[in-house]
Structure formats: structure tokens, C-alpha cells
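Before any comments, here is the structure.
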Amino acid sequence: MKAFVTGGAGFIGSHLVDSLIKQGHTVTVYDNLSSGNKEFISQHLEKDACHFIKADLLALKKVEKEIAGHDTVFHFAANPHVRLGETHTDLDMNQGVVATYNVLEAMRRQEIKKIVFSSSSVVYGETSEMSLPETYGPTLPISMYGAAKLGAEGLISAFCGTFDFQAWMYRFANIVGARGTHGVIVDFIEKLKKNPKELEILGDGKQCKPYLYVNDCVEGILYGFSFAHDHMNLFNLSCDTTTTVTRIAEMVVQEMKLKNVTFRYTGGLRGWKGDVPRFQLDAHKMNKLGWKANLTSDEAVRKAIRDVLDAKL
Ligand code: NAD
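The C-terminal residue of the sequence shown carries number 322 in the numbering used here, and the numbering is unbroken.
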């Protein structure tokens, strides 16, 4: 396969690049390094199997030029910070919707038909369901980030319907692990490095979500890509357990070997506006296909804390 990976220098994208190269594929990474790090893929760049292009997806002509000659596109670039939508209301519209349109349009012009997309559980919005299957609806996201993911899914579906594309779309749980650059684990570690006596926790700490280890995530993506053959392949990608925010804080404190840390909660049900405080993803569809996460949510969190503390690349 000649793979084109947008966001391939990012946290999840770089792990995907590792796996694609390990499987013997040729990879082009297209990334503007806005939140990615070239170091994450530097081990591959000396070899012919991986080629890096520093460029922006908002430049359609550039995307079209560079995407030519590939057969599969893994579209992983996006703004990763859900909270930014509160203050920068056009960010996800551009980085999530327009960027995805540019990828699809460049593919159409270059006659590339296969796209794998990193969507998110946030497309479901806030629901009263305990566990959300892919068939749940209506999907009513409550953040700009979620709206952009849903918009991108819609565009991909439209290109499948109109131009005969084939798509694999994964709605991820929270992904954690080595090279993590954002999210609750990184946030807690940074705060505790600054002040080892007190930890500010956004919300009431009872927010409860599934955390999937990044290697499980990449394995699932490539498993679904190999074994799901529909025109439109839509999957939740998650483990079947959850972890509360307070539990994460306790694990971070333990792994940093700190004592007598006071937890100071900012209060309220959610960490910020647009945060979905409690959800679980139903991963039966992926399980039925033959994939299951190796680590539970708690195991993934603990391993990720160790990875981030050891700053493993
Ligand atoms: P990340 O920030 O590490 O990776 C995103 C990459 O995209 C970065 O390398 C960044 O430099 C690049 N990028 C952003 N805008 C770009 C643009 N306009 N042009 C070119 N490159 C651009 O984030 P991540 O956590 O690895 O997320 C990867 C994908 O998975 C994203 O689409 C994200 O929305 C999705 N996702 C992540 C999680 C999670 O828990 N991390 C959960 C659900 C979905």
C-alpha cells in the first residue's frame, strides 16, 4: 500500500505510521506540525519507506499535488483541543470540516478512493444511554470539535455515495499512551510538576469515560481496514470499561510517588462547556469482526501515565 497519512507526526498518527512501516507499506506523512512533532517519526525518515511533507491541509492545491500516486489516505489531522472551540469558534470548522473536504476533493481529482478517518465518540453528544452503539441517533454533538467530526463524517459519506469512495470511519474513545501531548493525563502531570501539593481537577471528578491504549487503537484501525469490506465501514473503537477523572488523578499521584496531595475540584458535572461527562462506547461491532482491546481502561491509563512520565518516544 502507498499510504498518505495526514497528521502523521501527531500522537496517534505517528503510532499508525510505525505500524504501517512495520507491515511493509510506503508512507507519506503530511503534517503542518501545529501540534505534531517530527521527532515522533524521525526514526523512519532516513529510510525510503517514509517521506515527510510539512504543509497545511487548508492549501488544496498542495494537498492535491502531494496526494497523487497514493492508494489509501489515513486522515488523522485535526485540531486536537476540544476546549479551544469555546474561544476560537471557526477553528474546528476549518481544521475539521474544510481540511477534510480538501482531502476528499484532492482524492477525487487524483482518483484515490480509500479513506480511513479518525472520528470521535463526541459525535454522539450528551445522551442518556449507558452504552452507545454505532446505530445510536440522532447524533447531536455539544462541542465545535464534535460538530466538525460529524460534518467530516457526513462529507466522507457523501463522497462515498457520489464518487464511489470506500471509507473506514472510527469513533474513538479517549486515546492515551506514549507521545501523548494533550488530555487529562498530560494536564495532571504538568500541574503536579508545578505544584506537587495540590491538584486542580476540572469538574467534580466523577466524569467517567473509556480510555483506550494507543497501540490497541492502531491495531483496531488496521484490523478493521483489513477485515471490513463494506462501502462505508463505521466503527466505535473502545475498550469496554471506563475510568473516572478522580481515579486518573489517584493513579498519577501514585505513579509520580507523591504523598498528601490535595485534590481541588472546580465543581460542576463537566470539565468545561462542550465536555460530555459520562459515556461508554459499545464496541460489539468491532468485537464481532474479531478485534478486542488488550488493555482495560484503568490499565491503559496507568500504562499511559508511565509512558508520559518516562517521555518514551
Ligand atoms: P495530534 O494533535 O497529536 O495530531 C494531529 C496532527 O495533525 C498533528 O500532528 C498536527 O500537527 C496535524 N495537523 C493539524 N492541523 C493540520 C493541518 N491543517 N494541516 C496539516 N496537519 C495538521 O492529535 P491526536 O490525539 O493524535 O489525534 C489524531 C486524530 O484522532 C485527530 O483527528 C483527533 O481529532 C482524533 N481523535 C483523537 C482522540 C484522542 O483521544 N487523542 C479521540 C478521538 C479522536
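Every residue, glycine too, gets a C-beta built ideally from N, C-alpha and C.
*Inter-residue CB distance, ARG180 and SER140 (contact presumed, cutoff 8 Å)*: Their Cβ separation, rounded to whole angstroms, is 13 Å, which puts ARG180 and SER140 out of contact at 8 Å.
*Looking at TYR222 and ligand 1, is the gap between the Cβ and the nearest heavy atom below 7 Å?*
no
*Taking 7 Å as the cut-off, is the CB of PHE181 close to at least one heavy atom of ligand 1?*
yes
*For ASP319, which of LEU278, PHE49, MET265 has the nearest alpha-carbon?*
MET265
*What do you reckon, are the CB atoms on ASP291 and PRO147 nearer than 8 Å?*
no
*Going by DSSP, which residues form a beta bridge with TYR133?*
Bridge partners of TYR133: none, in fact.
*Using a C-beta cutoff of 8 Å, does PRO147 count as contacting chain C?*
The structure shown has no chain C; it contains just one protein chain.
*asked:* Is the separation between the beta-carbon of VAL125 and that of VAL72 shorter than 8 Å?
replied: no
*asked:* My parser needs the beta strand (DSSP E) runs of 3 or more residues fully inside the stretch 157-187; what are they?
replied: 175-181, 183-185
*When we look at the beta-carbon of GLY170 and count the other beta-carbons within 10 Å, is it buried (16 or more) or exposed?*
exposed
*Return yes when the C-beta of ASP40 is under 7 Å from any heavy atom of ligand 1, and no when it is not.*
yes
_Check: GLY134 C-beta below 7 Å from any heavy atom of ligand 1_ = no
*Residue burial classification, HIS238 (beta-carbon count within 10 angstroms, cutoff 16)*: exposed
*Taking the alpha helix (DSSP H) that HIS24 falls in, what are its first and last residues?*
20-31
*Measure the alpha-carbon distance for LYS122 versus GLU75 and round it to whole angstroms.*
16 Å
*Count the CB pairs spanning the stretch 261-281 and the stretch 223-239 that are closer than 8 Å, and state whether there are at least three.*
no
_Can you tell me which residues form a DSSP beta bridge with ARG287?_
CYS217
*Please confirm if the stretch 217-230 is in contact with the stretch 267-278, defined as three or more CB-CB distances below 8 Å between the two stretches.*
no
*Give the secondary structure of ASP40 by DSSP, where H, G and I count as helix, E and B as strand, and everything else as coil.*
strand
*Is ASP213 near ligand 1, going by C-beta to nearest heavy atom under 7 Å?*
no
*Could you spell out where the beta strand (DSSP E) holding TYR274 opens and where it closes?*
271-274
*Rounded straight-line distance, which links the Cα of THR252 to that of ARG118*: 44 Å
_Would you say the beta carbon of GLY78 is closer than 7 Å to some non-hydrogen atom of ligand 1?_
no
*asked:* With three or more C-beta pairs closer than 8 Å as the rule, is the stretch 17-34 touching the stretch 46-61?
replied: yes
*So, helix, strand or coil for HIS293, using DSSP?*
helix
*asked:* Checking 8 Å against the spacing of the C-beta atoms, do ALA258 and ILE210 come in under that value?
replied: yes
*Is the beta carbon of PHE244 less than 8 Å from the beta carbon of LYS301?*
no
*Could you pull the start and end residues of the alpha helix (DSSP H) that ASN224 belongs to?*
223-236
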